[in-house]
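First the structure, in the form of structure tokens, and then the observations on it.
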Amino acid sequence: MANHHPNEELLMAYSASSLPISQALCVSTHLEFCEQCRSHTQKLNSIGGLLLESLAPKAGSSKLKGQVMALLDEPRQTQAARPCKTAEVASNTFLIPRPLRQFMSDGYDSLAWGWTAPDIYTSEICRDDNGAQVSLLRINPGGDVGKHSHTGDEYTVILSGSFSDEDGIYLAGDFLIRDKHQQHRPVASKDCACICLTSVEAPIQFTGFFRRWLNPLICKSYQPQSL
Ligand SMILES: [Zn+2]
1 MANHHPNEEL
11 LMAYSASSLP
21 ISQALCVSTH
31 LEFCEQCRSH
41 TQKLNSIGGL
51 LLESLAPKAG
61 SSKLKGQVMA
71 LLDEPRQTQA
81 ARPCKTAEVA
91 SNTFLIPRPL
101 RQFMSDGYDS
111 LAWGWTAPDI
121 YTSEICRDDN
131 GAQVSLLRIN
141 PGGDVGKHSH
151 TGDEYTVILS
161 GSFSDEDGIY
171 LAGDFLIRDK
181 HQQHRPVASK
191 DCACICLTSV
201 EAPIQFTGFF
211 RRWLNPLICK
221 SYQPQSL
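In our numbering, the protein residues as written are 1 to 227.
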């Protein structure tokens with residue numbers, strides 16, 4: 001079961017279709033793993049539909065209010081997150097979250113993985129109109145991403161494996177946001193590689209002594225691709 005979820009504001013924005021593609025992709029991928037957020041989003045969608053209906057004045061507004069309140073009071077359902085092992089997802093497209101299948105024809109191994117740092121590989125899958133870069137990040141077992149800060153918001157969804165940082169351990173399905181005021185140092189668990197979906201508004205900046213030299217390379221890879 002996912003332990004880290006998008007907040008209410010983000011789910012409401014997702015339900016209202018007001019998120020940029022990069023963030024919507026991260027939320028929709030999390031929903032594939034999380035029955036709790038999926039159920040809540042369905043309620044928000046229902047409420048949105050009822051509110052739209054209510055825009056036309058008609059009798060029975062107390063009934064509408066009752067329906068909305070009943071949806072809000074209904075207990076959330078939970079279920080275990082779907083198992084998602086690296087060896088399986090690498091070779092089976094159907095175990096990849098549905099929102100991501102359009103970007104890879106034959107599993108994660110079909111992507112072009114570029115070396116980013118020791119034990120770290122990335123594969124950009126798309127960018128949205130705001131320039132936010134959406135990539136998959138692959139960390140070898142035990143790999144240390146290195147301490148870094150952010151020059152914009154960073155959204156992450158764990159797809160398989162796990163990593164930990166100063167704030168906790170994150171498993172498949174978990175959803176994280178790190179803003180430009182936060183630094184962290186993710187380290188993959190030693191038993192298997194960790195694959196994550198990430199969306200960054202701007203390049204990360206390594207702050208640890210041994211990896212600062214990588215910052216110019218990160219910035220270069222973030223430059224808009226020539227047509
Ligand atoms: Zn959730």
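Where is the CB? At the ideal position from N, CA and C, for every residue including glycine. For clarity, every value in this text was computed on a predicted model and none was experimentally measured.
{"Asked": "Please check the pair Leu44 and Cys37, which I expect to be a contact at CB under 8 Å, by giving their CB distance rounded to whole angstroms.", "Found": "Their Cβ separation, rounded to whole angstroms, is 10 Å, which puts Leu44 and Cys37 out of contact at 8 Å."}
{"Asked": "When DSSP labels each residue in this structure, what does Thr29 get in the three-state scheme?", "Found": "helix"}
{"Asked": "Relative to the alpha-carbon of Phe103, which residue among Leu95, Glu124, Ile120 has its alpha-carbon at the smallest distance?", "Found": "Glu124"}
{"Asked": "Can you tell me the Cα-Cα spacing of Trp113 and Ser135, whole angstroms?", "Found": "10 Å"}
{"Asked": "What would DSSP say about Cys194, mapped onto helix, strand or coil?", "Found": "strand"}
{"Asked": "Just checking my contact of Asp191 with Pro141 at CB under 8 Å: how many whole Å lie between their CB atoms?", "Found": "6 Å"}
{"Asked": "May I ask you to report which of helix, strand or coil DSSP gives Thr122?", "Found": "strand"}
{"Asked": "State the Cα-Cα distance for the pair Lys85 and Arg98, rounded to the nearest angstrom.", "Found": "Residue confidence is low: Lys85 scores 45 on pLDDT, short of 50, so the model does not pin down where it sits. No coordinate-derived value is stated."}
{"Asked": "What residue from Ser54, Cys34, Ala13 has the CA that sits closest to Ala24's CA?", "Found": "Ala13"}
{"Asked": "Can you tell which of Arg101, Ala117, Asp119 has its C-alpha closest to the C-alpha of Leu111?", "Found": "Arg101"}
{"Asked": "Please tell me whether, using a cut-off of 7 Å, the distance from the CB of Cys37 to the nearest non-hydrogen atom of ligand 1 is below it.", "Found": "yes"}
{"Asked": "According to DSSP, which residues form a beta bridge with Ser164?", "Found": "Ile169, Val187"}
{"Asked": "DSSP on Leu44, reduced to helix/strand/coil?", "Found": "helix"}
{"Asked": "Alpha carbons only, please: which of Cys194, Leu137, Gly168, Ala188 is nearest the one belonging to Ser160?", "Found": "Cys194"}
{"Asked": "Would Ala87 be called buried (16 or more neighbouring beta carbons within 10 Å of its own) or exposed?", "Found": "Bear in mind that a pLDDT of 43 at Ala87, under 50, signals an unreliable position, so the number given afterwards is only what the model happens to contain. So Ala87 counts as exposed."}
{"Asked": "Determine which residues share a DSSP beta bridge with Tyr155 and list them.", "Found": "Ile177, Ser199"}
{"Asked": "Straight-line CA distance for Ser199 to Asp153?", "Found": "8 Å"}
{"Asked": "For Ser28, I'd like the list of residues in its chain whose CB is within less than 6 Å of its CB, leaving aside the five on either flank, ordered along the chain.", "Found": "Pro99"}
{"Asked": "Taking 8 Å as the cut-off, decide whether the C-beta atoms of Gly168 and Ile158 are in contact.", "Found": "no"}
{"Asked": "Report, in whole angstroms, the separation of the C-beta atoms of His5 and Phe175, which I expect to be a contact under 8 Å.", "Found": "6 Å"}
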